[in-house]
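To start, the structure under review is shown below, and the notes come after it.
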Amino acid sequence: MTNPLPTISGLADLAGCYDAVLSDVWGVVHNGVAAFPSAVDALTQFRKAGGKVVFITNAPRPSAPLIEMLDRLGVDKPAYDAIVSSGDATRVMIAKYRGKAIHHVGPPTEDDALYEGLDVRRTGADEAEVVVVTDLDTDDDTPEMYRERAKLWLSRKLPMICANPDRVVEHGDKIVYCGGALGDLYAAMGGMVLMAGKPYQPIYEEAFRLAEVAAGRSLDKSRVLAIGDSVRTDATGAAQFGIDLLFVTGSIHAAELDAFGKPDPSAIADLVAPSRAHLAGFLPRLAW
């Protein structure tokens, strides 16, 4: 890189440069099991200083049940102003199939809220008109386990709506596959895949709108910071939307970056570089 990657000790080092934060959730604020207290504190302190925080997440569920989940995990409401999810974006896509049959892939009951009020029937793939993927059926599954099922979808030319573009996510102390990994498999087989959420622009536009609502005024993108742990979604999305990125290295990229040991700033910069994101700095875990 032409310029050295900024070394910061916490969000406080950057807070004065930004009026709003669009923060990833899973891997940044919690790990699926419990909140990261330092991250919750950092966002709470940012808001106390006058900043606005909108959570922007690839969780394949509408915002309301996500807020309940955040409460259970210990992500206190003073840490954020609003939340927008890929589940919200996915519902818009599913609504086009009102009155028709869809085939659901993912946890069987956990994602019921995704379909509420949309008047679709969940059926087998042999009679469905579209496949909706929230995640793999269990955390122990791999995308390759779905290849035979995907052959049927492909033979029927079923489009796939992928409610979670993430390929992997941190869950407790292990990494598990997400819906995006299955979307990649289907696309590689020749299937048509429609992605909701990050890094695609509609979810960023909605998050930015919510930040402006919270601020009660127009915001300049140059004073909006994205925080995330994924190059594929967070870094790429920030770059395409034209906002800076604070990169959290201690999640899905922790091992390759030696995030909690002696991370090499040049290695971090090289990892993020293909996304073209402008890095405001990096941290192993979000902290104030």
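Count along the sequence shown from 1, add 1376, and you get the number used in my numbering.
For every residue, glycine included, the Cβ atom is placed at its ideal position computed from N, Cα and C.
The structure presented is a predicted model; accordingly, all values stated were derived computationally and were not measured.
{"query": "Check whether the Cβ atoms of residue 1578 and residue 1556 lie closer than 7 Å to each other.", "result": "no"}
{"query": "Could you tell me which uninterrupted alpha helix (DSSP H) segments, each at least 4 residues in length, are contained entirely in the region 1541 to 1625, listed from first to last along the chain?", "result": "1555 to 1564, 1577 to 1591 and 1612 to 1617"}
{"query": "Return helix, strand or coil for residue 1628, following the three-state DSSP convention.", "result": "coil"}
{"query": "Since I believe residue 1396 is in contact with residue 1427 (beta carbons under 8 Å), could you give me their beta-carbon distance rounded to a whole number of angstroms?", "result": "6 Å"}
{"query": "When the Cα atoms are used, what is the spatial distance from residue 1453 to residue 1502?", "result": "44 Å"}
{"query": "How about the region 1457 to 1474 and the region 1576 to 1591: do they share at least three Cβ pairs that are nearer than 8 Å?", "result": "yes"}
{"query": "Please look up how many angstroms separate the CB atoms of residue 1553 and residue 1513, rounded, as I've assumed it's under 8 Å.", "result": "So it is not a contact: roughly 11 Å between Cβ atoms."}
{"query": "If you follow the beta strand (DSSP E) that residue 1433 is part of, which residue opens it and which one closes it?", "result": "1428 to 1433"}
{"query": "May I ask you to report which of helix, strand or coil DSSP gives residue 1658?", "result": "strand"}
{"query": "Are residue 1605 and residue 1403 touching if we call contact CB-CB under 7 Å?", "result": "yes"}
{"query": "Going by DSSP, what residue range makes up the beta strand (DSSP E) through residue 1537?", "result": "1536 to 1538"}
{"query": "Look at the alpha carbon of residue 1621 and the alpha carbon of residue 1496, and state the distance between them as a whole number of angstroms.", "result": "38 Å"}
{"query": "At which residues does the alpha helix (DSSP H) containing residue 1531 begin and terminate?", "result": "1523 to 1531"}
{"query": "Evaluate residue 1383 with the Cβ neighbour count: other Cβ atoms within 10 Å of its Cβ, from every protein chain shown; 16 or more gives buried, anything less gives exposed.", "result": "exposed"}
{"query": "When DSSP labels each residue in this structure, what does residue 1416 get in the three-state scheme?", "result": "helix"}
{"query": "Please report how far the alpha carbon of residue 1630 lies from the alpha carbon of residue 1504, in whole angstroms.", "result": "40 Å"}
{"query": "How far does the beta strand (DSSP E) with residue 1459 in it reach, from first residue to last?", "result": "1458 to 1461"}
{"query": "So, with DSSP's three-state summary, where would you put residue 1644?", "result": "helix"}
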